[in-house]
Structure formats: C-alpha cells, structure tokens
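Position in the sequence shown counted from 1, then plus 2, gives you my numbering.
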Amino acid sequence: MVRTFHQDHVFFLLVNCQKIVAKISFFILVGIMSENGQNFPTKFVLWEILVRNCRFSSSDIILAATDTTSTMVEWVMAEILNNPVVMRKVQDELTQVIGTTNIVEESHLHKLTYLDGVIKETFRLHPPLPLLIQRCPDESCKVGGYTIPKDTVVYINVWAIHRDPKNWSNPLEFKPERFINGKWDYNGNNVKFLPFGSGRRICPGIPLGDKMLTYMLASLLNSFEWNLPKDEEFETSDEFGFVTKKKKSLVAIPSQRLSDTSLYMR
3 MVRTFHQDHV FFLLVNCQKI VAKISFFILV GIMSENGQNF PTKFVLWEIL
53 VRNCRFSSSD IILAATDTTS TMVEWVMAEI LNNPVVMRKV QDELTQVIGT
103 TNIVEESHLH KLTYLDGVIK ETFRLHPPLP LLIQRCPDES CKVGGYTIPK
153 DTVVYINVWA IHRDPKNWSN PLEFKPERFI NGKWDYNGNN VKFLPFGSGR
203 RICPGIPLGD KMLTYMLASL LNSFEWNLPK DEEFETSDEF GFVTKKKKSL
253 VAIPSQRLSD TSLYMR
C-alpha cells in the first residue's frame, strides 16, 4: 500500500533506537561478564553499562561539535582570502563595530551582519555534512511524486541542494550578499538552505555552534591581517567524506592588526 508521506514516524524511530541501545547494552554486558566473571550484582552491571554509554555519547558530541566547527573556520577563512573584496568588507565592518583598540566580545556578534552573511554563504557552498542523517520508512510512501519502497535508506544531499541553479542564481559564485536581507536562518524552514538539517532531526547545537563560529572568526579577522604565502597556489576544492574538508589544508600568514600588543594577552 502506498500513502503520501507528510510527517516523521516518531514511534518507529523510538522503537528502533531502543532496539539499538538494547543490543549495544547486551554486548557491553557480555563483555563485562566475560572479563570479570559472572558473579557481579545486577546493579553494578547496569551502572557499568550506564557509564560506558555516557562515555560513548559524550565523545560523539565532542567530536561532532569540534570537527565540524574547525572545518568551517578553515572554509570561511579560505573563501575570504580568495575574495579580497569580501575581506575588505569584513574588516571594514569589524573596524566599525569593534575597532582596533578592542577585542571581540559576545555583545558585538549580533552587529556583524556582513560576517554573518559570509558564514552562511560558506555553509551554502561547503556544508560540513554533505548528506543529512539517513531515513528509512517503515512502509512504502510517496515523496514529491516518487515512490519510496519500505525499508529504503534515503539520504538528503544538502551539498547538491545548495548548488542547484534552480534554487540559487550563479550557485558556484561566492556572494555573501545573498544572506544580508535577514530572512535566512539555520532553522531548516527553507528547504533551499539546510546546513544543519530540518525538523525533529535538526542539529541541537545550532545556537552554541553559531556563536562559537562567529566569535572565533571575528577574533581571528579583527586581531590579525591575513595573507597567503608567496607563490602559494590557492584552491577551494573539497574532499568528500562524512565531513566535507578542504582537499588541501589552508596555509595563511598572520600579522598584527590591533593597535596595542597588550590586547593579545587578554
């Protein structure tokens, strides 16, 4: 039976997650008992399972946050260095909002509208996760006129959506002005721009990640002048993977931009 697919199968997802957790816990339990013998109290074994699961979960969260953030810092810096006009506009905004006699504070971030546009445009061209978390319908359904059979693994290709000429004019051109009008955000309400996903599966760390990324980039660009090494061949090609990284790591040379060297010690 084919039906139109309109909503998330929350119950299906919960049941399958519980099955996965149960299987993982079982293997951990077997490992504990085989390592230490089988004469352990149930409470002790359950506590060990909880501790190990928490350890795995925390490491996943840390890796997901740090890897994608560091990747985006490199991509934004690369695009800025590759576009001198964009670099000048970013630094003009930083000079106006912060100045060269101050360091970046959190209160400055919401005023950096052009830098925000630069970051969003970089997310468009170089989404850190090119494929969103896969879905698997529990029964046949229809999406956009296409029939999706039961148990089919479906990926959302964000990388392709962000470069589709039907969605964006001159999609391969780096143009931060696309996002200056203020109607764009990371909430996934516009299917043309989904760097963090959408719906119930959207990234839960958007508010923190957005502020961290903006703060780091504003600090780097306000505190230093950046230049490429002489005779350095610059390229912005990416390397496909779970996280989309630059194929060739960025190399840039910083020089002092702040008026007082003591500001670097704060």
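All residues carry an ideal CB built from backbone N, CA and C; glycine is no exception.
Rounded distance between the beta-carbons of residue j and residue i, thought under 8 Å
i	j	result
Tyr188	Pro197	6 Å
Arg259	Asn229	Incorrect: roughly 12 Å between the Cβ atoms, too far for contact.
Val160	Gln136	Wrong, their Cβ atoms sit about 13 Å apart, outside the cutoff.
Val78	Leu219	6 Å
Ser200	Gly190	3 Å
Ser239	Lys247	Not quite, the Cβ-Cβ distance comes to about 11 Å (not below 8 Å), so this is no contact.
For residue j and residue i, the rounded distance between their alpha carbons
i	j	result
Ile105	Glu227	14 Å
Val88	Leu111	18 Å
Ile171	Asp140	Looking at the sequence shown, residue 171 is not Ile but Ser. Those two C-alpha atoms are separated by around 37 Å.
Asp262	Leu96	16 Å
Asp153	Ser142	8 Å
Ala162	Pro173	10 Å
Thr216	Leu222	10 Å
Buried or exposed (CB count within 10 angstroms, at least 16 for buried), residue i
i	result
Asp118	buried
Ile158	buried
Arg90	exposed
Pro256	exposed
Per-residue DSSP class, three states only, for residue i
i	result
Ser261	coil
Trp170	coil
Ile182	coil
Lys91	helix
Tyr266	helix
Pro197	coil
Thr97	helix
Suppose only complete runs of 4+ residues qualify. What are the alpha helix (DSSP H) ranges in the segment 104-165, listed by chain order? 115-127, 160-164
Those runs of the alpha helix (DSSP H) which lie wholly inside the segment 201-255 and span at least 4 residues: Contiguous alpha helix (DSSP H) elements confined to the segment 201-255 occur at 208-225, taking only those with 4 or more residues.
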